[in-house]
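**Q**
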Amino acid sequence: EEALAETLGYPMNRTDEHGKIPIGKGRIVRSTKGMPDKARVCLFSIGTRLVDSVKAAKVLEEQGFSVTVADARYMKPLDTELTRRLATTHDVMITVEEGSIGGFSSHVLHFLTLEGLMDSGNLKFRPMVIPDVYIEHATQAEQLEQAGLNSSQIAATALKVGARRREVQTPAEMERIVSI
1 EEALAETLGY PMNRTDEHGK IPIGKGRIVR STKGMPDKAR VCLFSIGTRL VDSVKAAKVL
61 EEQGFSVTVA DARYMKPLDT ELTRRLATTH DVMITVEEGS IGGFSSHVLH FLTLEGLMDS
121 GNLKFRPMVI PDVYIEHATQ AEQLEQAGLN SSQIAATALK VGARRREVQT PAEMERIVSI
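The UniProt record's numbering applies: residue 1 is where the sequence shown begins, and numbers increase by one.
1) Just the C-alpha distance for V51 and A155, rounded to the nearest angstrom, thanks.
2) In angstroms with no decimal places, state the Cα-to-Cα distance between Y74 and I28.
3) Under three-state DSSP, which class holds D132?
4) Return the first residue and the last residue of the alpha helix (DSSP H) that E145 is part of.
5) Can at least three beta-carbon pairs, one atom from the region 117-125 and one from the region 134-143, be found at a separation below 8 Å?
6) Go through the UniProt domain "Transketolase C-terminal" (38-154) residue by residue and report every complete run of the beta strand (DSSP E) that reaches 3 residues or more, in order.
7) For L114, is the classification buried or exposed, using 16 other Cβ atoms within 10 angstroms of its Cβ as the cut-off for buried?
8) For I28, which residues does DSSP report across the bridge?
9) In or out: H137 buried (at least 16 other Cβ within 10 Å) or exposed?
10) Contact defined as beta carbons within less than 8 Å: I believe A70 pairs with C42. What is the distance between those atoms, to the nearest angstrom?
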C-alpha cells in the first residue's frame, strides 16, 4: 500500500469500509486550497489517465493554481453529485480520458448543460480524449503523446484555459513550465 501511494503520489483507498468500491461514486484524489489569484482547476479523470492527471496537478500547483483531481471511477452511472460540486466550485473543468469522442467527456458535458451548470459562463470546460485520427503503432507512452494525453499536455491544456496572468504567453513558455 505504501509503495502504491509513493508511485501514484497520493494514498489510495481501494475500498470503502465494507470492502467494496461503491458503484457510481467517484472520489477526490488530490485537492489544493487557496491561491485565489489564478483559476481553480478541476482535472476530472476516468481510467488510466488518473496518474498523469495527478502529475499535471503538481505542475499547476507550482504555477500557483488551486487544483482538484477527481477520479470518476464510473461513467455510468455518472456521479452527478460529485460532478455538480466540481462544476460549481471550479473555474475550469478538464475531463481526461483514454477514450474516444462521445465517451466520458461527452457524458459529463451533457449532464452539465442539461442541469444548466454551463449557463452562467463561469465554468470553462475542455475535454481531453483520444482524437479522431489515426495514431501510429508505437509504445503506449508514444501513442498517448500523439493523442495529447500525457501529463505535460494535460498541464499545458489547463494553463492555456486557466491562465489569468500574462506570465504564460507563448507555447514555448508553456513547454518550459510543464516539462515534467
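Using N, Cα and C, we set each Cβ at its ideal position, and we do this for glycine too.
**A** The relevant details are as follows:
1) Along the sequence shown, one-based indexing puts residue 51 at 51. Along the sequence shown, one-based indexing puts residue 155 at 155. V51 and A155: Cα-Cα distance of roughly 13 Å.
2) The residue labelled residue 74 in the question sits at position 74 within the sequence shown. The residue labelled residue 28 in the question sits at position 28 within the sequence shown. If you take the alpha carbons of Y74 and I28, they lie about 13 Å apart.
3) The residue given as residue 132 occupies position 132 in the sequence shown. Correct three-state label for D132: coil.
4) Translated into the one-based positions of the sequence shown, residue 145 becomes position 145. Where E145 is concerned, the enclosing alpha helix (DSSP H) stretches over Q140 to A147.
5) no
6) 40-46, 66-71, 92-100 and 124-130
7) Reading the sequence shown from its first residue, position 114 is the one you call residue 114. When all chains shown are included, L114 counts as exposed.
8) Within the sequence shown, the letter at position 28 stands for residue 28. Its beta-bridge partners are A70.
9) Within the sequence shown, numbered from 1, the residue matching residue 137 stands at position 137. Under this definition H137 is an exposed residue.
10) Residue numbering aside, residue 70 sits at position 70 when the sequence shown is read from its first letter. Residue numbering aside, residue 42 sits at position 42 when the sequence shown is read from its first letter. Indeed, because the Cβ distance is near 6 Å, the residues count as touching under 8 Å.
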